[in-house]
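Colleague: Numbering (our numbering), first residue to last: 763 to 1081.
Pasting a structure here, questions to come.
Right under this line is the structure:
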């Protein structure tokens, strides 16, 4: 009598729950380790301990609020997209993602992007495909994952987070108010590298949302100013209408300053400008900000950096 042999029930290793959970944990650890990139390039990372504490709190809130990976994995999509951007900026510019860099990318046209990338466009397509596959696999396995936090643990975690955040807010505001009133305001101004908000922006993967909030708020301010400037008029008139006047206004990075003959370059790259009288040229000027739309108004109006955003000056009228 022959005995029927049942087919093996073992799943392939890539379908096992252990492999899928390990893949998800490795993905989360890799995203959370992004603040260590400056250390890999031999640069210091201020507030590293504070950054990781905020990362742990963010992960605890995600688990406590949503309980299972299938419900919060989609929230990591901006971090997946920003990952190659962060590595590129750290590698070539020694800094991470900022509102300025995001604003430049949002305002760059496809034609400018293709001209900048050149033959590297294929590398960009490969990176996009890799990120899409990586995120797609993580979403699939997060949906199938058996990882979850029980309701009692979630409640305890939420109370713990609320207690820690409440203590932090109290310590950073009311507990220090007496000391802040006793010291000169100039000496109590905190550097950006010591503010908790800046530490959260440098955290991964949820800190990217802080950048997005700022960049969209920044673009809203720009749109509001553009609407105001559409009705702006200088009301200027020429005191000598019969005499021709030439006004040269250079906005932003029109070209490299060391390639201008006005600044000592051997070739005559500015032949017409050199013929103008009463020409004022600044060959080595340093601005307190990196964004062109803020830097040029500060240079022209000599306004403090914090007041330049709402200044009705030449740049805003032209823009």
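Don't be surprised by glycine CBs; every beta carbon is placed ideally from N, CA and C.
Bear in mind that the values here come from a model prediction, so they are computed numbers and not experimental data.
Should residue 913 be labelled buried (16 or more other beta-carbon atoms within 10 Å of its own) or exposed?
Modeller: That one is exposed.
Colleague: According to DSSP, is residue 1042 part of a helix, a strand, or is it coil?
Modeller: Correct three-state label for residue 1042: coil.
Colleague: Going by alpha carbons, who is nearest to residue 842 out of 966, 1007, 880, 820?
Modeller: Checking every option, the nearest Cα to that of residue 842 belongs to 966.
Colleague: Looking at the secondary structure, which residues open and close the alpha helix (DSSP H) in which residue 873 lies?
Modeller: 872 to 879 is the span of the alpha helix (DSSP H), which, as asked, contains residue 873.
Colleague: Under a Cβ-count criterion, where at least 16 other Cβ atoms within 10 Å of its own Cβ denotes burial, should residue 904 be classed as buried or exposed?
Modeller: Per the 10 Å Cβ criterion, buried.
Colleague: Contact check, residue 789 vs residue 900 under 8 Å by CB: the rounded distance?
Modeller: Residue 789 to residue 900, Cβ: 5 Å. Contact.
Colleague: Report yes if the CB atom of residue 970 is closer than 8 Å to the CB atom of residue 802, and no otherwise.
Modeller: It is not a contact, given that the beta carbons lie outside the stated cut-off.
Colleague: Let me make sure I understand the geometry here. Which of 968, 1046, 1041, 995 has the alpha-carbon closest to that of residue 836?
Modeller: The shortest C-alpha separation from residue 836 is found at 968.
Colleague: Are the beta-carbon atoms belonging to residue 809 and residue 961 less than 8 Å from one another?
Modeller: In this structure, residue 961 lies closer than 8 Å to residue 809 by Cβ.
Colleague: Are at least three pairs of beta-carbons, each pair with one atom in the region 808 to 827 and one in the region 916 to 925, less than 8 Å apart?
Modeller: Yes, they touch.
Colleague: Could you pull out every residue in the same chain whose Cβ sits closer than 6 Å to the Cβ of residue 1023, ignoring the five residues on either side in sequence?
Modeller: 1030, 1031, 1032, listed in sequence order.
Colleague: Ordered along the chain, which non-local residues of its own chain (more than five positions away) have a Cβ less than 6 Å from that of residue 832?
Modeller: So the list reads 904, 905, once near-sequence residues are dropped.
Colleague: So the alpha helix (DSSP H) residue 973 belongs to, where does it begin and stop?
Modeller: First-last of the alpha helix (DSSP H) with residue 973: 970 to 991.
Colleague: CA-CA distance, residue 987 and residue 1036?
Modeller: For residue 987 and residue 1036, the distance between alpha carbons rounds to 35 Å.
Colleague: With the cut-off set at 8 Å, would you say residue 866 and residue 847 are in Cβ contact?
Modeller: Taking 8 Å as the Cβ cut-off, residue 866 and residue 847 do not qualify as a contacting pair.
Colleague: Taking a contact to mean a Cβ-Cβ separation below 8 Å, would you say residue 730 touches residue 974 in this structure?
Modeller: Since the displayed the chain opens at 763 and closes at 1081, residue 730 lies outside it and no answer follows.
Colleague: Check residue 910 in the structure and name its three-state DSSP category.
Modeller: Three-state result, residue 910: coil.
Colleague: Alpha carbon to alpha carbon, how far is residue 1009 from residue 1075? Give it in angstroms, no decimals.
Modeller: Interpretation of residue 1075 is limited by its pLDDT of 48, a score under 50 that renders its predicted location unreliable; the figure taken from the coordinates is listed afterwards. Going by the C-alpha atoms only, they are around 16 Å apart.
Colleague: Taking the beta carbon of residue 825 as the centre, do at least 16 other beta carbons fall within 10 Å, making it buried, or is it exposed?
Modeller: That one is buried.
Colleague: Go ahead and pull the three-state DSSP assignment for residue 898.
Modeller: Residue 898 falls in the helix class under three-state DSSP.
Colleague: CA-CA distance, residue 977 and residue 984?
Modeller: So the alpha carbons of these two residues sit roughly 10 Å apart.
Colleague: Quick one: using the 10 Å Cβ neighbour count with 16 as the cut-off for buried, is residue 797 buried or exposed?
Modeller: Buried is the call here.
Colleague: Taking residue 1046 as the reference, give the member of 875, 1000, 1025, 1004 with the closest Cα.
Modeller: Checked all of 875, 1000, 1025, 1004; the closest Cα to residue 1046 is 1025.
Colleague: Quick check: what's the CA-CA separation for residue 886 versus residue 861?
Modeller: Cα to Cα, residue 886 sits roughly 22 Å from residue 861.
Colleague: Using 10 angstroms around the beta-carbon of residue 963, count the other beta-carbons present and answer buried if the total reaches 16, otherwise exposed.
Modeller: Flag for residue 963 reads buried.
Colleague: Would you please state the rounded distance, in angstroms, between the beta carbons of residue 910 and residue 829? I believe it to be under 8 Å.
Modeller: That belief holds up - the Cβ atoms of residue 910 and residue 829 are roughly 5 Å apart, short of 8 Å.
Colleague: Helix, strand or coil for residue 1004 per DSSP?
Modeller: Of the three classes helix, strand and coil, the one that applies to residue 1004 here is coil, per DSSP.
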